[in-house]
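Undergrad: 22 is the number of the first residue of the sequence shown in my numbering; add one for each residue after it.
One structure, as structure tokens, below. Some questions next.
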Amino acid sequence: MSNPLLFKGELKMTQVRFLNGLQTIGGNIVEFSTANSRVIMDMGTAANFAEAPITELIQQGNLPDLPDLFTPNAAAQYEHQAIFISHMHIDHIGALKYLQAPIPVYLSRPSYELYQELINLGIEAPVANLRVLEIEQPLVVGDFTVTGFASDHDVIGALALLVSDGVHYFAHSGDVRLNGPHRQRVEHWAQVFQQQHLDLFLSEATAFSFDTMDENTDASVQPQPLTETSLMPKFKEALHQTRDLIVLNPYLRNIERLNNFNQSAKAVGRQIVWDKNFGQCLEHFYSEQNWLILDRDVNIDQIKQNPQKYVLQNNFEQLSLLENFDHLLYLQSNGEPLGDYDPRMQQLLDFLQAHHFPRVVLSVSGHASQADLLDLAQAVQAKTTVYWHSFHPQKAAAALEKCGLATLLPERNQIYYFS
Ligand SMILES: [Zn+2]
Ligand SMILES: [Zn+2]
22 MSNPLLFKGE
32 LKMTQVRFLN
42 GLQTIGGNIV
52 EFSTANSRVI
62 MDMGTAANFA
72 EAPITELIQQ
82 GNLPDLPDLF
92 TPNAAAQYEH
102 QAIFISHMHI
112 DHIGALKYLQ
122 APIPVYLSRP
132 SYELYQELIN
142 LGIEAPVANL
152 RVLEIEQPLV
162 VGDFTVTGFA
172 SDHDVIGALA
182 LLVSDGVHYF
192 AHSGDVRLNG
202 PHRQRVEHWA
212 QVFQQQHLDL
222 FLSEATAFSF
232 DTMDENTDAS
242 VQPQPLTETS
252 LMPKFKEALH
262 QTRDLIVLNP
272 YLRNIERLNN
282 FNQSAKAVGR
292 QIVWDKNFGQ
302 CLEHFYSEQN
312 WLILDRDVNI
322 DQIKQNPQKY
332 VLQNNFEQLS
342 LLENFDHLLY
352 LQSNGEPLGD
362 YDPRMQQLLD
372 FLQAHHFPRV
382 VLSVSGHASQ
392 ADLLDLAQAV
402 QAKTTVYWHS
412 FHPQKAAAAL
422 EKCGLATLLP
432 ERNQIYYFS
């Protein structure tokens with residue numbers, strides 16, 4: 022797993038330090054630095070943790086080892102520095118709210134706009150110095166140039182990021198899939214990265230985390246996973262199944278899917294009733310208002326009188342609202358709780374069972390399959406590929422080596438020098 026282009030412990034030009042997220046899903050943070058410049062990719066947290074003083078959060082590994090960014094009035098160590106965010110999932114932005122240094126934080130325009138909406142709605146804590154990184158417009162940060170490429174993930178505005186020090190090229194895939202509606206975006210950045218002869222390609226490897234995703238599993242007996250495209254016919258099918266109320270639990274930050282739900286519902290003669298938060302985010306991104314907002318456009322009594330005319334969006338926190346209905350069909354589409362690991366999942370299942378409300382799961386993954394991840398790494402053809410954002414990076418790295426690609430299993434906080 023060694024690579025002759027990487028040297029440990031020698032003083033050379035660009036340093037790369039992996040700050041978090043090497044053996045887990047999310048919270049992956051990497052720093053590229055020279056004597057006077059630093060760029061950091063993503064600033065997430067991997068798991069829920071108890072609040073504690075910053076020094077403890079860093080010691081526990083819940084925040085990255087960047088005390089100068091998290092301490093008020095700390096002396097600036099770099100003349101030029103910036104943070105770049107690949108996308109708006111908590112595991113990529115969760116640590117931003119702890120920032121104390123006046124460091125700019127760049128996001129794609131859709132991510133920036135979504136972030137501002139979420140801050141306005143009180144869903145996200147305010148973060149200073151948020152800025153827009155326009156797609157494929159290189160931005161100079163001291164010794165580095167950073168370019169963002171539109172990508173495909175289950176959240177609006179996802180980026181893959183390219184970093185250069187003028188000699189070396191490094192790239193961060195962000196979270197990515199190849200079976201989504203924007204596959205051509207991914208193919209495009211993969212081609213650009215390939216042409217740049219990357220020294221280092223950091224790729225998410227979520228699919229190498231679960232036994233059920235094992236490459237040896239017989240694909241012919243596995244149900245085909247839903248894609249964003251195949252989801253909508255399934256949704257319409259469910260809407261045709263009943264004249265009862267349909268309840269929908271999707272994920273707010275996947276704005277494009279919300280818009281697809283609006284259009285699909287309308288096509289079969291129903292309108293979606295969103296809560297204020299969902300409605301406000303949708304209004305920001307889509308001008309055609311083919312949906313309703315609860316308690317502004319329609320109330321629960323009106324929905325009770327004509328349940329066949331509506332799809333009611335519901336959050337776990339508003340579950341008790343469903344007690345107004347005797348019958349309904351509950352559709353879960355990546356809304357919280359996200360999985361069995363979340364204790365709220367059992368509460369949700371118990372609630373639905375107690376009320377005899379059937380539940381249908383219409384979830385779509387934002388992550389590439391193992392085969393697609395390997396195809397992507399082979400398309401990029403970096404000198405070294407690092408798989409992270411995975412519970413089993415060793416397994417992922419072994420699969421890369423089988424494909425003839427050089428790989429590296431980095432150590433947390435170890436500095437790698439590129440000469
Ligand atoms: Zn992630
Ligand atoms: Zn993500």
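Heads up, the beta-carbon is just placed ideally off N, CA and C, and yes, glycines get one too.
Note that this is a predicted model, so its numbers are computed, not measured.
Going by Cα to Cα distance, which pick from L260, E134, Q415, I436 is closest to L383?
TA: The candidate whose alpha carbon is nearest that of L383 is L260.
Undergrad: Can you tell me whether DSSP reads V401 as helix, strand or coil?
TA: If DSSP states are grouped into helix, strand and coil, V401 belongs with the helices.
Undergrad: Which residue's Cα is closest to the Cα of R198: V407, S390, Q217, P159?
TA: Per the Cα distances, S390.
Undergrad: Looking at G143 and ligand 3, is the gap between the Cβ and the nearest heavy atom below 7 angstroms?
TA: This structure simply doesn't include ligand 3; it includes ligand 1 and ligand 2 instead.
Undergrad: How big is the Cα-Cα spacing for L394 and L426?
TA: If I take the Cα positions, the gap works out to 13 angstroms.
Undergrad: Can you tell which of M34, E52, G47 has its C-alpha closest to the C-alpha of Q435?
TA: It is E52 whose Cα lies nearest to the Cα of Q435.
Undergrad: Could you tell me the alpha carbon to alpha carbon distance between Q98 and L84, rounded to whole angstroms?
TA: Cα to Cα, Q98 sits roughly 18 angstroms from L84.
Undergrad: Taking only heavy atoms of ligand 1 into account, decide whether any of them is closer than 7 angstroms to the Cβ of D393.
TA: No, Cβ of D393 sits at least 7 angstroms from all heavy atoms of ligand 1.
Undergrad: How big is the Cα-Cα spacing for H305 and L142?
TA: Cα to Cα, H305 sits roughly 12 angstroms from L142.
Undergrad: Under DSSP, the alpha helix (DSSP H) around Q245 begins and ends at which residues?
TA: Unbroken run through Q245: none, as it is neither H nor E.
Undergrad: In angstroms, rounded to a whole number, what distance separates the CA positions of L154 and G163?
TA: L154 and G163: Cα-Cα distance of roughly 16 angstroms.
Undergrad: Run through DSSP, which three-state label would N41 get?
TA: The answer is strand: DSSP assigns N41 an E or B state.
Undergrad: What's the gap between the Cα of P463 and the Cα of L120?
TA: Not covered by the structure: residue 463. The range shown for the chain is 22 to 440.
Undergrad: What number of angstroms, rounded off, separates the C-alpha of E236 from the C-alpha of A420?
TA: For E236, the predicted structure reports a pLDDT of 47, less than 50, and the residue's modelled location is therefore unreliable. A value from the coordinates is still provided. Cα to Cα, the separation comes out at about 10 angstroms.
Undergrad: With a threshold of 7 angstroms, establish whether the CB of G47 neighbours any heavy atom of ligand 1.
TA: Within the cutoff, so yes.
Undergrad: Kindly give me the distance between the Cβ atoms of Q137 and Y438, rounded to whole angstroms, as I take these residues to be in contact under 8 angstroms.
TA: Actually they are not in contact, since the Cβ atoms of Q137 and Y438 sit about 38 angstroms apart, beyond 8 angstroms.
Undergrad: For the region 74 to 88 against the region 125 to 140, are there 3 or more C-beta pairs whose distance is under 8 angstroms?
TA: Segments in contact, no.
Undergrad: Can the beta-carbon of Q44 be found less than 8 angstroms from the beta-carbon of F346?
TA: No, these two residues do not count as a Cβ contact at 8 angstroms.
Undergrad: DSSP beta-bridge partners for W295?
TA: Answer is I314.
Undergrad: Which of the three DSSP states, helix, strand or coil, is assigned to Y307?
TA: Reduced to three states, the DSSP call for Y307 is coil.
Undergrad: Provide the residue(s) that pair with H101 in DSSP beta bridges, ordered along the chain.
TA: DSSP output for H101 lists S58 as bridge partner(s).
Undergrad: Which residue spans inside the region 350 to 394 form an unbroken beta strand (DSSP E) run of at least 3?
TA: Correct list: 380 to 382.
Undergrad: Report the rounded CA-to-CA distance for Q205 versus L160, giving the unit in angstroms.
TA: When rounded, the distance between both Cα atoms is 23 angstroms.
Undergrad: Nearest-angstrom Cα distance between F378 and Q367?
TA: Cα-Cα distance, rounded: 14 angstroms.
Undergrad: Grouping DSSP H, G and I as helix and E and B as strand, with all else coil, what is Y68?
TA: According to the sequence displayed, residue 68 carries Ala and not Tyr. A68: coil per DSSP, three-state reduction.
Undergrad: Classify H410 as buried or exposed, calling it buried when 16 or more other Cβ atoms lie within 10 Å of its own Cβ.
TA: Its Cβ being crowded by 16 or more others within 10 Å, H410 is buried.
Undergrad: With DSSP run on the structure shown, which of helix, strand or coil describes Y272?
TA: Note: Y272 maps to coil in three-state DSSP.
Undergrad: Any heavy atom of ligand 1 within a distance shorter than 7 angstroms of the CB on D173?
TA: Answer for D173: no, Cβ out of range of ligand 1.
Undergrad: Cβ of Q262 within 8 angstroms of Cβ of L350?
TA: Yes, they are a contact pair.
Undergrad: Which value, in whole angstroms, describes the spacing of the CA atoms of A192 and T166?
TA: Taking the straight line from one Cα to the other gives about 12 angstroms.
Undergrad: Measure the alpha-carbon distance for Q12 versus T428 and round it to whole angstroms.
TA: This structure leaves residue 12 out entirely; the chain is present only between 22 and 440.
Undergrad: Tell me the rounded alpha-carbon separation between K255 and K287.
TA: The alpha-carbon atoms of K255 and K287 are separated by roughly 15 angstroms.
Undergrad: Do you know whose CA, among A179, E344, L370, lies nearest L129's CA?
TA: Note that residue 129 is Ser in the sequence shown, not Leu. Out of A179, E344, L370, A179 has the C-alpha closest to the C-alpha of S129.
Undergrad: With a cut-off of 8 angstroms on the beta carbons, I'd call L135 and I276 a contact; round off their distance for me.
TA: Contact flag correct, Cβ pair sits at about 7 angstroms.
Undergrad: Compute the Euclidean distance between the alpha carbons of D371 and Y272, then round it to the nearest angstrom.
TA: Looking at the two C-alpha atoms, the distance is approximately 21 angstroms.
Undergrad: Counting only C-beta atoms, is P431 closer than 8 angstroms to chain D at any point?
TA: You won't find chain D in this structure, because it holds only one protein chain.
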